[in-house]
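**Q**
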Amino acid sequence: SHNRYREFNVGAAGLVLNNATEATQSVLAGPIGANPHFNGQSAELIIHEVVGTLASNLQGLLEVVGQKAAVFIANPNGVTCHGCSFIHTPAVTLSTGKPVFDKAGALVALEVKKGTITVDEKGLDATAQDDVDIISRATRLHGKVQAKNLTLTQGANRIDVKRGTLVPIAGDGDTPWKAMDTGLLGGMSAHKIRLVSTEAGKDVNLTNLTATQGDISLTADGKVTLGNIQAKTDITVSSKDIKTAEPSHVQAGKDITLAANTLNNTGQIIAEGDMRLFIDHLYHQNQGLIQANNHLWVQKDASGHLSTEINNTSATLKTNNGDIIIRTKALNNARDARVAAGMNAYINATKLDNSQSQLHAKNNLILTGHDFNHGMDGKLSADLNVVADFIHQFNGTAFILAKNILLHAGEIISMGYLKADNDLSVIAERRMNARQNTLEAKRNLTLMAGKEIEAFQVGLKGDNIELLTHEGDIRMWGDGSRISADNHLRIFADHKLDLYGLLFDKSNTITLNAGHDIDASRVKLAAQKNLTLIAGKGITARETGLTGENIELLAREGDIRLPMGVEDSAHISARNTLQMFASHILDIRGILFDKANHMTLNAGHNIEASEVKLAANKNLTLIAGKAITAGQAELKGENVELLVREGDIQLGWRQPESLLPTISADNHLRISAGRDLDLAGIRLAKSRHLTFSAGRHLDAYQSHLNAAGNIHLFAGQDLVLQRARISAGQQVTLSAGHDINMSRPNTQQASDSLFYLSELYGFDKLLALKERLTSVDLSELGTQITAGDDLQLSAGGDIVGKMARLTSTQGNVSVNAGQDLIFSAQKYSPMNDGDKHYLYATGAINAAQNLTLVAAGNLLTAGTHLTSGRDMQLSAGGDVRFESRQEFIREGNIERFTQHASRLTSGGALTLRSQGSILFQATALIAKGVMDIAATGGFLYAQAMEETYKSEETRKRCQGFGPIKSCKVFGSKTEHKTQIRKTNKVTELTAGGDITLRAKDDVTLEASRLETQKNAKITSQTGKVNFRAMPNTAFEQTVATSKGFFITHHDKGHSETTWAIPSVQVGGTLTVEAAAGISADVKVKDEQLLEDTLGVLGHTPGTEWLKNLQGRNDVQWDQVKDAYRRWDKKITSLNPVAGAVIAIAVAAVTAGSGLAAWAGSGAVGATGATGATASAVYGAAYGGMIGLTSQAAVALVENKGDLTQTLAALAKREAVKSLVTQIAVGGALGGLDHTMGWGKLVAGKGVVDP
């Protein structure tokens, strides 16, 4: 039914539309008859088209009577509903469009170009209708619209009724300000609500919309403002822009779908089901709430394209039980904003800002995008996992909490506080920078970067912690920053690892690994079990503490340097094993090491271990490729080993004792150098075994090496043991490829060069020690080697010892030299007095069992003592010389030259072999067994050495008269006494078994002593056997000189020469074999025949051997005689001074010679002599008077004219004897000496007592 009106209104009383084909009852009008215009068929659609210019006003009830029919009111001028309602119509359409009909009069379309439908305060009640359509260019709701299914179509459109399509068309007149506006009082309530607004750019303002049983669907081409909107099921809004007012409340019983270019929400949008926000720009703020009970999508469209921006400022995006999916180019979650997912949150944001806000998921929070920036004071959390994966950058957040956390970005600038109940992984494709962050994981904590990791004041905690860079550095610093891994801590830097000021603790294992260098300064690394540092280049740890059960440091192509810091030194404590390996230098100077079970330090080049203490309960090993230096170091362990493969080990530098290292091994100490080993001055004690070796030189100068077990020293070239002390409870083995040097440092000096003790001790100390400085004391300064068991020395070159003492207390001594074996003595003086006083300090070799000396060259000794408890075997490819050294001692007036000779004592056999010659100088050879000595290439010479004793004493006294003594007046007497004794110290050979002496050339025995209870055999293969006697001399002389008027010289003494011939005492048979005969010295007496002498000597102990030679034709006897001479000579002569006085005295006191003549005549008369006798008496008296007058004159002169003193001087016995001498001389001229028997007196061979 199509009805056209100029004007159509419904008053308050209502309006009835008769659609009856028969009489019926109307609600409004009562009984009504059939519509006469119908031909028996009622209308299904009643169209009221207004063709006038006035708007329709519907104020009352519009009733359709008869058959139900849809009501369609079309008024382009507008329709106002002010409390309108409808009866008996299933559908109502209010429109401002113009109906379009086809040729058959059927409605096919509706064209809307203008008009507004307004619902005033009394509203529109269409709750009795199934459907209500409001089709207009605009709608104003000042009251409530109530319906079942409510559809609103707004805008200039052509609506195809049959197809249900809508095509926007051009409108007429001004465009409305808003396509739809519910105002403050308007609203809609329906089972379902559909709203379409096609007017471009025209707003839709909706509030108080309620879909009580269905959904709300809104499509607008302009901006939609939503107030309080509720739907039983879904809410769907599609427009360019959507806005919710601050007090608005949009709620759907099921799903909400909002599709717009922009959504600006300050209210609440709540979906009991899913929510889909297909928004390009979301401004969610001012405590706004967007909440879905199930899932929430926020993205540009249904295809999942990224929205341009999502700004969640001080607002909440939430799901109760479902996921949140956000896909956007920019998510700004700021100022206490909150994104909370009841299950998972998937946020893909090209740029994500979570400043001072929260992102939370009940299950998993997954963030992806390009940049995560400005995350200060923000929070990311999930009950399960948080995954943040950003292509470019992740820049910090305050707090991340989840069971598992994964951060992945191209660069990670900062992270804040991350705490994972399970695993935490942070991965940066390029660079990671963490500043003042804290990362905690109960299980695994992993930081991984493609380029580098920088961490400042970062705390890391987890069961397992791992930091890894694929190509760059890891730098971590911050005083007191703590890295705690309960189980494993691993840090792997592809390039450098730089740690400063950190504290690593509570880890079972710690592993630091760098492709280049590791620098861990002021770092504390503490592991319960293993602590490992591995660097492709070098490791530096300054002021660093390393603690663990097992510690390993490895620098594959660089140094390990643990230098002393300004405030503190590095401290390393390994309870079980400490291992360090540096391919170049290992520098641990001044480092503190706690005791470990095992320590191994290994360097490809040098180990510098000065001023360090290394103590191992079991094994301590230092291995270097080039050198080891350990000044002032303390090395201790059960087993200690120092090894340098190609270079040197320096443990001593001949420096003060306080600077030397201390090394001890409870079991075994091994030191091996590929080149030189310097042990100079070192003190080694308490070790069980010592083994030292050097590829070239081993220098143990002045070292003290002590071991309870064995000591082994090996040198590829020279072994220097000057002034060394080596003592082992078991074996000592010394071996050198070249020489073993046990001499003093000045080995090139001659053996008799003087050595002053003051040079060694200092003069002041020497004065305190001089009472006990003997030769034995100085011998203590030489090398001393003592073995409890066997002692072995072997050298490819020379073995040289000066003052050396080799001792085996229970075993054998074996010395083997590839060239010469030399044991020399050191000449020394206790005081710096030149050659006035000198002694020799000599060496000794003592073997409790067998003693073996072997030299491929010469065997040379000086004053050396050799002792063996059992057999002694000496062998040389060259000569053997046992030389003696002459010592000189002066004590007051006594001088002694003594011999410091060698001594060989064997408890068993003594065997000596020389392929050259053998020299014994005053040597004592003693063997309990046989003695076999052979010089197979030369002579055998037992040389006697002279010792001298000389004493000289001079005494002088003045003469006088009575108690008066005066050398000037009475003269003086001087007595000089000299004693000289020269004796020969001879070679002595004593054996309990046979004695065999053999030589290729001569065998010479100088006064030697041979004694055996067995047989003796002396053989010269090509030369002679010479038995030489040696003279011992004694000389004693006393020379007295008296000076006065006469000078008296008295010389008396004796000299004696006693020949000592060889002594051979043989219990068995003496056999002497000489190819060139025998030469024997025999001592005979005056006028004694040789045969008689041999007979006597043949029965004298010690010379019985002469009897065996007596009958041989090949013996050449050379006779020697003892000699004794005694003398006593006295010569008196006038003092030359007194000679000039005599003439004066005689002339003055006497009458010249007249008195003497008178005296001679008186004497002849008194004796009565006649003839010749009278002549002699006259001569004697004359001479006596002449002497008396001369003495008187001299005495008178000497006594200055005092006659009494002169007579007293003449009365002395000496004066009388002088006078008698003068008389005798005078008488001899007359022959009286023969008459009186004075010849002896005159000859000076007798004494006459007056």
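Quick note on numbering: this note's numbering labels position 897 of the sequence shown as 897, and the sequence is numbered without any gaps.
Think of the CB as a built atom: it goes at the ideal place given N, C-alpha and C, for glycine as much as any other residue.
Keep in mind the model is a prediction, meaning the values are calculated, not measured.
1. At the 9 Å Cβ level, is Ala1007 part of the contact set with chain C, yes or no?
2. Contact check, His704 vs Arg683 under 8 Å by CB: the rounded distance?
3. Does DSSP classify Leu1106 as helix, strand or coil?
4. How would you label Glu22, buried or exposed, when you count the other beta carbons within 10 angstroms and need 16 or more for buried?
5. Would Asn812 be called buried (16 or more neighbouring beta carbons within 10 Å of its own) or exposed?
6. What is the DSSP secondary structure of Tyr701, counted as helix, strand or coil?
7. So, under 8 Å CB-CB, Ser42 and Ala13 are touching, yes? Tell me the CB distance rounded to an integer number of Å.
8. Measuring only the C-alpha atoms, how far is Ala768 from Thr1041?
9. Counting only the same chain and skipping the five closest in sequence on each side, list residues whose C-beta sits under 6 Å from that of Thr544.
10. By the three-class DSSP mapping on this structure, what secondary structure does Ser95 have?
11. I believe Ala825 touches Ala862 by the beta-carbon criterion, under 8 Å. Please report the beta-carbon distance rounded to the nearest angstrom.
12. With DSSP collapsed to three states, give me the class of Gly762.
13. Taking buried to mean at least 16 other C-beta atoms within 10 Å of its own C-beta, is Lys1085 buried or exposed?
14. Distance, Cα to Cα, Thr978 vs Glu1104?
15. The beta strand (DSSP E) with His598 in it runs from where to where?
16. Can you tell me which residues form a DSSP beta bridge with Trp1117?
17. Using the three-state DSSP reduction, which class does Ala388 fall into: helix, strand or coil?
18. Please name the residue, chosen from Leu418, Ile405 and His370, that lies closest to Asp377 on a Cα-to-Cα basis.
19. Excluding the five sequence neighbours on either side, which residues of its own chain have a C-beta within less than 6 Å of the C-beta of Asn9, listed in chain order?
20. Just the C-alpha distance for Gly788 and Ser664, rounded to the nearest angstrom, thanks.
21. Using a 10 Å radius around the Cβ and a threshold of 16 neighbouring Cβ atoms, would you call Leu184 buried or exposed?
22. Have a look at Ile117 and Leu150 and give me their C-alpha separation to the nearest angstrom.
23. Nearest-angstrom Cα distance between Ile1223 and Phe1035?
24. Residues in the same chain with beta-carbon distance under 6 Å from Thr577, minus the five sequence neighbours each way, listed in chain order, please.
25. Across which residues does DSSP place Leu533 in a beta bridge pair?
26. To the nearest angstrom, how far is it from the Cα of Phe372 to the Cα of Asn333?
27. What are the boundary residues of the beta strand (DSSP E) that includes Leu1063?
28. Please work out which residues of its chain come closer than 6 Å, Cβ to Cβ, to Asn364, disregarding the five sequence neighbours upstream and downstream, and give them in chain order.
29. Evaluate Asp648 with the Cβ neighbour count: other Cβ atoms within 10 Å of its Cβ, from every protein chain shown; 16 or more gives buried, anything less gives exposed.
30. On the three-state DSSP scale, how would you describe Lys114?
31. Just mark Arg4 as buried or exposed, buried being the case when its beta carbon has 16 or more other beta carbons within 10 Å.
32. Can you name the start and end residues of the beta strand (DSSP E) that Asp587 belongs to?
33. What did DSSP end up calling Gln299 once you bin it into helix, strand or coil?
34. Apart from the five residues on each side of it in sequence, which residues of its chain come closer than 7 Å, Cβ to Cβ, to Lys1245?
35. Taking buried to mean at least 16 other C-beta atoms within 10 Å of its own C-beta, is Val119 buried or exposed?
36. Taking the alpha carbon of Ala841 as the point to measure from, which residue in Asp131, Ala398, Arg805 and Val815 has its own alpha carbon closest?
**A** For this structure:
1. Reference to chain C is not applicable here, since this structure consists of a single protein chain.
2. What you label residue 704 is simply residue 704 of the sequence shown in a count that begins at 1. What you label residue 683 is simply residue 683 of the sequence shown in a count that begins at 1. Separation of the CB atoms of His704 and Arg683 is rounded to 5 Å, and the pair is thereby assigned contact status at 8 Å.
3. Residue 1106 sits at position 1106 when you count from the first residue of the sequence shown. In the structure shown, Leu1106 falls within a helical segment according to DSSP collapsed to helix, strand and coil.
4. As a first step, residue 22 must be located in the sequence shown, where it is residue number 22. With fewer than 16 Cβ atoms within 10 Å of its Cβ, Glu22 is classed as exposed.
5. Sequence index remark: in the sequence shown, residue 812 carries index 812 (1-based). With a 10 Å radius around the Cβ and a threshold of 16 neighbouring Cβ atoms, Asn812 comes out buried.
6. To locate residue 701, count along the sequence shown from 1; it is residue 701. Reduced to three states, the DSSP call for Tyr701 is coil.
7. Here residue 42 corresponds to residue number 42 of the sequence shown, with the count starting at 1. Here residue 13 corresponds to residue number 13 of the sequence shown, with the count starting at 1. Contact annotation, Ser42 with Ala13: C-beta distance approximately 24 Å; criterion of less than 8 Å not satisfied.
8. In the sequence shown, residue 768 corresponds to position 768, counting from 1. In the sequence shown, residue 1041 corresponds to position 1041, counting from 1. Its pLDDT being 43, under 50, Ala768 is placed unreliably in this model, and the value from its coordinates should be taken loosely. Take the alpha-carbon of Ala768 and the one of Thr1041: they are about 43 Å apart.
9. For the purposes of this step, residue 544 is taken as residue 544 along the sequence shown, with counting starting at 1. Here the set comprises Ala520, Val523 and Ala570.
10. As a working note, residue 95 is residue 95 in the sequence shown. DSSP places Ser95 in strand when its eight states are reduced to three.
11. Residue numbering aside, residue 825 sits at position 825 when the sequence shown is read from its first letter. Residue numbering aside, residue 862 sits at position 862 when the sequence shown is read from its first letter. With a contact defined as Cβ atoms closer than 8 Å, Ala825 and Ala862 qualify at about 4 Å.
12. In the sequence shown, counting from the first residue as 1, residue 762 sits at position 762. With a pLDDT of 42 at Gly762, under the threshold of 50, the predicted position of this residue should be treated as unreliable, though the coordinate-derived value follows. Three-state DSSP puts Gly762 in coil, outside helix and strand.
13. In the sequence shown, residue 1085 corresponds to position 1085, counting from 1. Burial call: exposed.
14. Here residue 978 refers to the residue found at position 978 when the sequence shown is read from its first residue. Here residue 1104 refers to the residue found at position 1104 when the sequence shown is read from its first residue. Roughly 38 Å separates the two Cα atoms.
15. Translated into the one-based positions of the sequence shown, residue 598 becomes position 598. For His598, the uninterrupted beta strand (DSSP E) segment begins and ends at Ala596 to Ala603.
16. Position 1117 of the sequence shown, counted from the start, is the residue given in the question as residue 1117. Paired residue(s): Ala1080.
17. Sequence index remark: in the sequence shown, residue 388 carries index 388 (1-based). Secondary structure of Ala388 (DSSP, three-state): strand.
18. Translated into positions along the sequence shown, residue 377 becomes position 377. Comparing alpha carbon positions, the residue from Leu418, Ile405 and His370 closest to Asp377 is Leu418.
19. Against the sequence shown, residue 9 aligns to sequence position 9. Exclusion of the five residues before and after Asn9 leaves Ser56 and Asn57 as the residues of its chain whose Cβ lies within less than 6 Å of its Cβ.
20. On the sequence shown, residue 788 is found 788 positions in, with the first residue counted as 1. On the sequence shown, residue 664 is found 664 positions in, with the first residue counted as 1. In a straight line, the C-alpha of Gly788 is about 19 Å away from that of Ser664.
21. On the sequence shown, position 184 is the one that residue 184 refers to. Exposed, since its Cβ has fewer than 16 Cβ neighbours within 10 Å.
22. In the sequence shown, the residue the question calls residue 117 occupies position 117. In the sequence shown, the residue the question calls residue 150 occupies position 150. Looking at the backbone, the Cα of Ile117 and that of Leu150 are separated by about 14 Å.
23. Locating residue 1223 in the sequence shown gives position 1223, where the first residue counts as 1. Locating residue 1035 in the sequence shown gives position 1035, where the first residue counts as 1. Summary for Ile1223: the model assigns pLDDT 47, below 50, so the residue's position carries little reliability; its value from the coordinates is reported in the next sentence. Straight through space, the alpha carbons of Phe1035 and Ile1223 are spaced by roughly 37 Å.
24. Here residue 577 corresponds to residue number 577 of the sequence shown, with the count starting at 1. Within the same chain, Thr577 has close Cβ partners Asn550 and His598.
25. Mapped onto the sequence shown, residue 533 falls at position 533. Leu512 and Leu553.
26. Walking along the sequence shown from the start, residue 372 turns up at place 372. Walking along the sequence shown from the start, residue 333 turns up at place 333. In this model, Phe372 and Asn333 are separated by some 11 Å (Cα to Cα).
27. Your numbering for residue 1063 matches position 1063 in the sequence shown. Note that residue 1063 corresponds to Ser in the displayed sequence, not to Leu. Counting along the chain, Ser1063 sits inside the beta strand (DSSP E) bounded by residues Ser1063 to Val1066.
28. Taking the first residue of the sequence shown as 1, we reach residue 364 at position 364. Counting only Cβ-Cβ distances below 6 Å, and skipping sequence neighbours, we find Asn344, Ala382, Leu384 and Asn385.
29. Numbered from its first residue, the sequence shown carries residue 648 at position 648. Counting Cβ neighbours within 10 Å, Asp648 comes out buried, since at least 16 surround it.
30. The residue given as residue 114 occupies position 114 in the sequence shown. In the structure shown, Lys114 sits in coil (DSSP, three-state: anything other than H, G, I, E or B).
31. Residue mapping note: residue 4 aligns to position 4 of the sequence shown, counting from 1. Answer is exposed; the Cβ neighbour count stays below 16.
32. For the purposes of this step, residue 587 is identified with residue 587 of the sequence shown, where counting begins at 1. Judged by DSSP secondary structure, Asp587 falls within the beta strand (DSSP E) whose first and last residues are Ile585 to Asp587.
33. Position 299 of the sequence shown, counting from 1, holds the residue named residue 299. DSSP places Gln299 within a strand segment (E or B) once states are collapsed to three.
34. Start at 1 with the first residue of the sequence shown, and residue 1245 comes out as number 1245. Caution applies to Lys1245, whose pLDDT of 36 falls short of 50 and renders its modelled position unreliable; the value that the coordinates give is listed next. Cβ within range, chain order: n/a, list empty.
35. Within the sequence shown, numbered from 1, the residue matching residue 119 stands at position 119. Buried: at least 16 other Cβ atoms inside 10 Å.
36. As a working mapping, residue 841 is identified with position 841 in the sequence shown. Nearest Cα to Ala841 within the set Asp131, Ala398, Arg805 and Val815: Arg805.
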